[in-house]
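Whatever position you read off the sequence shown (first residue = 1), add 77 for the working numbering. Input: a single structure, listed below in structure tokens.
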Amino acid sequence: MKTIKFIVQVIALCVVLCSFTTTENYPYKNSVAKETIALISADSVLGVWKYTMTNVDAPYEKGMFFITQKGDSYDVAVKLGTGMLTGQDVVVKDNGINFNVNFEGLKRVSFVLVVENDKIVGESYSAIGTSEIFGVRQLPGQ
Numbered sequence: 078m079k080t081i082k083f084i085v086q087v088i089a090l091c092v093v094l095c096s097f098t099t100t101e102n103y104p105y106k107n108s109v110a111k112e113t114i115a116l117i118s119a120d121s122v123l124g125v126w127k128y129t130m131t132n133v134d135a136p137y138e139k140g141m142f143f144i145t146q147k148g149d150s151y152d153v154a155v156k157l158g159t160g161m162l163t164g165q166d167v168v169v170k171d172n173g174i175n176f177n178v179n180f181e182g183l184k185r186v187s188f189v190l191v192v193e194n195d196k197i198v199g200e201s202y203s204a205i206g207t208s209e210i211f212g213v214r215q216l217p218g219q
């Protein structure tokens, strides 16, 4: 009987002591979590993306984005049926990526894309109008 009383007192003491523990005792806990989330989000744009676009001519309707990282900067290559284009002014923030490409000389197209899991969605803007973009991440072996 004394053993059961002792165990109940130890459990009650543990509950009381644990109730005094708050996040104030761990001031760096939230900052580490935010940095980790930011890194995961930024890395979520990396990869190979197969996409389709609306309101564009046939050669530009389907293609692939290749998004890589070198140090602190990101590189984008756009593969079309007519060749490859290189992304310029690449900006990655959270789970989004913005970049520009020049095609057929000086024609400029701006892309604004957001990653949600293994899907990428967004729009492109050019002198002829806007297009919606829908894509999926290409995993190895696909």
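Idealized CB from N, CA, C, for every residue including glycine.
Which residue from the options puts its Cα closest to that of residue i?
{"i": "D152", "options": "F180, F143, S208, G158", "result": "F143"}
{"i": "G206", "options": "D134, V122, V198", "result": "D134"}
{"i": "S150", "options": "M161, T131, V122, G160", "result": "V122"}
{"i": "D120", "options": "I210, K147, N132, M141", "result": "K147"}
Start and end of the beta strand (DSSP E) containing residue i?
{"i": "T52", "result": "Residue 52 is absent from the model: the chain starts at 78 and stops at 219."}
{"i": "V186", "result": "184-193"}
Which residues mark the beginning and the end of the alpha helix (DSSP H) in which residue i is found?
{"i": "A204", "result": "Counting along the chain, A204 falls outside any alpha helix (DSSP H), and DSSP gives it neither H nor E."}
{"i": "P217", "result": "Taken as a continuous stretch (DSSP letters only), P217 belongs to no alpha helix (DSSP H), as it is neither H nor E."}
Would you tell me roughly how many angstroms separate the C-alpha atoms of residue i and residue j, rounded to the nearest one?
{"i": "Y202", "j": "L216", "result": "28 Å"}
{"i": "T145", "j": "G182", "result": "25 Å"}
{"i": "V198", "j": "M130", "result": "10 Å"}
{"i": "W126", "j": "S187", "result": "17 Å"}
{"i": "F211", "j": "E138", "result": "11 Å"}
Kindly say whether residue i, judged by its beta-carbon, lies nearer than 7 Å to any beta-carbon of chain D.
{"i": "N132", "result": "The question asks about chain D, but that chain is absent: this structure has only one protein chain."}
Starting from the N-terminal side, write out each stretch of the beta strand (DSSP E) that is 3 residues or longer and does not extend beyond the stretch 144-182. Scanning the stretch 144-182 for uninterrupted beta strand (DSSP E) segments of 3 residues or longer gives 150-157, 160-163, 165-170, 173-180, listed from N- to C-terminal end.
So, do the stretch 194-207 and the stretch 153-172 have three or more beta carbon pairs nearer to each other than 8 Å? Segments in contact, no.
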